[in-house]
Amino acid sequence: MNVAAILAEKGRDVITIPPGATLIEASHVLTEHRIGAVVVAGEDGQVVGVFSERDLARAVSRDGSTVLERPVSSVMTRALITASSTTHINALMELMTQKRVRHIIIMDEGRMSGFVSIGDVVKRKIETAEAEAGALKAYIETA
1129 MNVAAILAEK
1139 GRDVITIPPG
1149 ATLIEASHVL
1159 TEHRIGAVVV
1169 AGEDGQVVGV
1179 FSERDLARAV
1189 SRDGSTVLER
1199 PVSSVMTRAL
1209 ITASSTTHIN
1219 ALMELMTQKR
1229 VRHIIIMDEG
1239 RMSGFVSIGD
1249 VVKRKIETAE
1259 AEAGALKAYI
1269 ETA
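Residue numbers are given in the numbering used here: position 138 of the sequence shown equals residue 1266, and the series is strictly consecutive.
1) Determine the DSSP secondary structure at M1204, reduced to helix, strand or coil.
2) Ordered along the chain, which non-local residues of its own chain (more than five positions away) have a Cβ less than 7 Å from that of R1198?
3) Quick one: what's I1245 bridged to in DSSP?
4) Considering only the alpha carbon of each residue, which of A1136, P1147, N1130 and R1190 lies closest to M1204?
5) Whole angstroms is fine: what's the gap from H1156's alpha carbon to E1137's?
6) Identify the residues that DSSP records as bridge partners of M1221: which are they?
7) Could you round the C-beta distance between I1233 and V1167 to whole angstroms and report it? I think they count as a contact, below 8 Å.
8) At what residue ranges does the segment 1136-1194 contain a whole run of the alpha helix (DSSP H), taking only runs of 4 or more?
9) Quick one: what's R1252 bridged to in DSSP?
10) With DSSP collapsed to three states, give me the class of A1271.
11) My assumption, with CB atoms under 8 Å, is that S1212 sits in contact with V1142. Please give the rounded CB distance.
Below is the structure:
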């Protein structure tokens, strides 16, 4: 099973914010959409980073509440970690664990095609395990 299966279920729409958005504006976006991270993209749509709850917590812990008026670009994660829609889910989980990230930008043919969280991956893995368990149970009961 690959990332495309997750995107088919959750959709490929990605919420983005501009690099000049303040941390308070970005935190409102996270809250409004009930998400833990958002892609930061320039006017041309080019991805320049990811802003997450972790970035916000680190900034406030380090500099206090005055940081909330700073632009997202000052604290966002710039090192983009990406995968493609053909990446196997197990490889995606390994990448997320190895890089210690909870969100991965999905890129296909040089363009962003989705944004996947560890929660999305775990949900899909659980659904698959439950379906397999149900199939095994049905097989055993009819054998």
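Cβ atoms here follow ideal geometry from the backbone N, Cα and C, with glycine treated the same way.
So, to answer that:
1) coil
2) Beyond the five residues adjoining it in sequence on each side, R1198 comes within less than 7 Å, by CB distance, of T1150 and L1151 in the same chain, given in chain order.
3) Note that residue 1245 corresponds to Ser in the displayed sequence, not to Ile. Paired residue(s): H1231.
4) In terms of Cα proximity to M1204, the closest of A1136, P1147, N1130 and R1190 is P1147.
5) A direct Cα-to-Cα measurement between H1156 and E1137 gives close to 26 Å.
6) In the DSSP output, where bridge partners are listed per residue, M1221 has none listed.
7) 6 Å
8) 1151-1161 and 1181-1191
9) DSSP, once it has assigned bridges, lists no residue as partnering R1252.
10) Residue state, collapsed to three classes: coil.
11) Rounded, the Cβ-Cβ distance is 15 Å, inconsistent with contact.
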